Amino acid sequence: MGLLSRKVVLASGSPYRAQILRDVGLEFAVIVSDVDESLHPKGEPVGYARALAVSKAQAVAKKVGVGKLVIAADTICAIDQDIIGKPEDEEDARRMIARSCETGLQRVITGVCVTDTSTGEEFTLDETSLVEMAPASEDQIAEYVASRSSMGKYGTRLIASDPRFARMW
Numbered sequence: 011m012g013l014l015s016r017k018v019v020l021a022s023g024s025p026y027r028a029q030i031l032r033d034v035g036l037e038f039a040v041i042v043s044d045v046d047e048s049l050h051p052k053g054e055p056v057g058y059a060r061a062l063a064v065s066k067a068q069a070v071a072k073k074v075g076v077g078k079l080v081i082a083a084d085t086i087c088a089i090d091q092d093i094i095g096k097p098e099d100e101e102d103a104r105r106m107i108a109r110s111c112e113t114g115l116q117r118v119i120t121g122v123c124v125t126d127t128s129t130g131e132e133f134t135l136d137e138t139s140l141v142e143m144a145p146a147s148e149d150q151i152a153e154y155v156a157s158r159s160s161m162g163k164y165g166t167r168l169i170a171s172d173p174r175f176a177r178m179w
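Count the sequence shown with the numbering used here and you get residues 11 to 179, in order.
Written out as structure tokens, the structure reads:
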């Protein structure tokens, strides 16, 4: 059985990741992994993103049986070598956004793992985008945080798509 004839399983509930697979014409099932990201020790940002993707792919691969391709990904944000985690509350989100805007440059890192459940082989990769952040006033940051768009996102990463904050991808 060729790789392209395998059933694909997306190990993510992300609507963005599902849209990417639809855009390239893949048919797939969705099974969200139950990996607790807080149990993974944070290390070097690229390695951390890849390790989370591998953990998620392995967790779902155990559930689906042989003959499947499991695709998992994890996206994090980093300033220098510091991983900017998911904000715990609005004050934490405000602090993260302020730091990102003050620092001026943020890395958005995605680790990807594709696992072939027939062979156990794993293919991993990562992609890093640099986002130049614009200065922001306290009022702009407060308005964004109040919208709750940043909650549950690494490094409050949705901010990078907001032209008030991101100068360039």
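Backbone N, C-alpha and C fix where the C-beta goes; we use that ideal spot for every residue, glycine too.
Quick caveat, the model's predicted, so the values are computed rather than measured.
Open item on the list: Pop quiz: ILE30 and PRO55 are said to be a contact at Cβ under 8 Å. What is the actual Cβ separation, rounded to whole angstroms?
Closed with: The residue you call residue 30 lines up with position 20 of the sequence shown. The residue you call residue 55 lines up with position 45 of the sequence shown. Rounded, the Cβ-Cβ distance is 22 Å, inconsistent with contact.
Task: Cut-off 8 Å between Cβ atoms - residues of its own chain near GLY35, not counting five sequence neighbours on either side - done: Locating residue 35 in the sequence shown gives position 25, where the first residue counts as 1. Once the five neighbours on either side are set aside, GLY35 has no close Cβ partner at all.
Task: Beta-carbon proximity of VAL76 to SER128, cut-off 8 Å - done: As a first step, residue 76 must be located in the sequence shown, where it is residue number 66. As a first step, residue 128 must be located in the sequence shown, where it is residue number 118. The answer is yes: Cβ separation under 8 Å.
- [ ] Let me know if LEU62 comes out buried or exposed under the rule of 16 or more other beta-carbons within 10 Å of its beta-carbon.
- [x] Position 52 of the sequence shown, counted from the start, is the residue given in the question as residue 62. The residue is buried, with at least 16 neighbouring Cβ atoms inside 10 Å.
TODO: Could you pull out every unbroken beta strand (DSSP E) segment of at least 3 residues lying fully inside the region 111-141, listed in chain order?
DONE: 115-126
Open item on the list: Please report the straight-line C-alpha distance between MET11 and LEU79, rounded to a whole angstrom.
Closed with: As a position in the sequence shown, residue 11 is number 1, starting the count at 1. As a position in the sequence shown, residue 79 is number 69, starting the count at 1. Its pLDDT being 49, under 50, MET11 is placed unreliably by the model, and the measurement read from it follows with that caveat. Each residue's alpha carbon lies about 12 Å from the other.
Task: Boundaries of the beta strand (DSSP E) in which ASP90 is found, first to last residue - done: The residue labelled residue 90 in the question sits at position 80 within the sequence shown. Note, ASP90: premise wrong, no beta strand (DSSP E); not H, not E.
TODO: Return the chain-ordered ranges of every alpha helix (DSSP H) run that is complete within the region 22-95 and spans a minimum of 4 residues.
DONE: 25-33, 55-74
Open item on the list: So for ALA108, helix, strand or coil by DSSP?
Closed with: As a working note, residue 108 is residue 98 in the sequence shown. In this structure, ALA108 counts as helix in the three-state DSSP scheme.
TODO: Can you give me the Cβ contacts of ASP84 inside the same chain, cut-off strictly under 6 Å, excluding the 5 residues immediately before and after it?
DONE: To locate residue 84, count along the sequence shown from 1; it is residue 74. Contacts found: ALA59, LEU62, ALA63, GLY121.
Task: Inter-residue Cα distance where the pair is VAL124 and ALA28 - done: Counted from its first residue, the sequence shown places residue 124 at position 114. Counted from its first residue, the sequence shown places residue 28 at position 18. Straight-line Cα distance between these residues: approximately 15 Å.
Open item on the list: Measuring only the C-alpha atoms, how far is VAL94 from ARG32?
Closed with: Taking the sequence shown and counting its residues from 1, the one referred to as residue 94 is at position 84. Taking the sequence shown and counting its residues from 1, the one referred to as residue 32 is at position 22. As written in the sequence, residue 94 is Ile, which differs from the Val given in the question. Using only the alpha carbons, I get a separation of about 30 Å.
Task: Residues sharing a beta bridge with VAL19, DSSP - done: The count along the sequence shown starts at 1 and reaches residue 19 at position 9. Its beta-bridge partners are ALA39, VAL80.
- [ ] Have a look at ARG117 and ALA39 and give me their C-alpha separation to the nearest angstrom.
- [x] What you label residue 117 is simply residue 107 of the sequence shown in a count that begins at 1. What you label residue 39 is simply residue 29 of the sequence shown in a count that begins at 1. Approximately 30 Å between the Cα atoms of the pair.
Task: Reduced DSSP secondary structure (H/G/I, E/B, other) of TYR154 - done: In the sequence shown, counting from the first residue as 1, residue 154 sits at position 144. Looking at TYR154 - three-state DSSP - the assignment turns out to be helix.
TODO: Less than 8 Å between the CB atoms is what I'm expecting for VAL19 and GLU37, so what's the real figure, rounded?
DONE: As a position in the sequence shown, residue 19 is number 9, starting the count at 1. As a position in the sequence shown, residue 37 is number 27, starting the count at 1. At roughly 11 Å, the Cβ-Cβ gap does not stay under 8 Å, so VAL19 and GLU37 are not in contact.
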